[in-house]
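Chemist: Next up is a structure, given as structure tokens.
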């Protein structure tokens, strides 16, 4: 929506979703956009289009930290690192799941 509000997710909600993902057995966390950027050549679209892309990221396009989101995620990942031995412990042998004839699998890992 042109001219509408920029997307925003509260820092507490982001950190809680990541913590819950690990609590439910998650093993790898990926952030869609952790830092922003700008296409200075302006080749992403037509003339006079804004090419900044850092909406609500913990680190903005200039490398500045956005608080409180940066601080919440930093503290959360510090806590996760302290729990690393328990998180990577494996009881017995790892289990492998055969995909059958369909080798392409689409998985959604939703933390909300």
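Residue numbers (the working numbering): 827 to 938. By construction, the Cβ of each residue, glycine as well, lies at the ideal position given by its N, Cα and C atoms.
(1) Is the segment 879-895 touching the segment 907-917 in the sense that three or more CB pairs, one from each, lie closer than 8 angstroms?
(2) Between the beta-carbon of residue 884 and the beta-carbon of residue 860, is there less than 8 angstroms?
(3) Beta-carbon separation of residue 843 and residue 902 under 8 angstroms?
(4) Going by the DSSP bridge assignment, what does residue 857 pair with across the sheet?
(5) If you compare alpha carbons, which of 847, 881, 891 is closest to residue 830?
(6) When you compare each of 886, 914, 849, 832 to residue 864 by their alpha carbons, which one comes out closest?
(7) What span of residues does the alpha helix (DSSP H) with residue 902 cover, start to end?
Modeler: This is what the structure gives:
(1) no
(2) If you number the chain shown from 1, residue 884 lands on position 58. If you number the chain shown from 1, residue 860 lands on position 34. Going by C-beta atoms, residue 884 is nearer than 8 angstroms to residue 860.
(3) On the chain shown, residue 843 is found 17 positions in, with the first residue counted as 1. On the chain shown, residue 902 is found 76 positions in, with the first residue counted as 1. No, the pair does not count as a contact, with Cβ atoms beyond the cut-off.
(4) Taking the chain shown and counting its residues from 1, the one referred to as residue 857 is at position 31. Residue 857 pairs with nothing; no bridge assigned.
(5) Locating residue 830 in the chain shown gives position 4, counting from the first residue. It is 881.
(6) Taking the chain shown and counting its residues from 1, the one referred to as residue 864 is at position 38. It is 886 whose Cα lies nearest to the Cα of residue 864.
(7) Numbered from 1 along the chain shown, position 76 holds the residue referred to as residue 902. Its alpha helix (DSSP H) spans residues 895-908.
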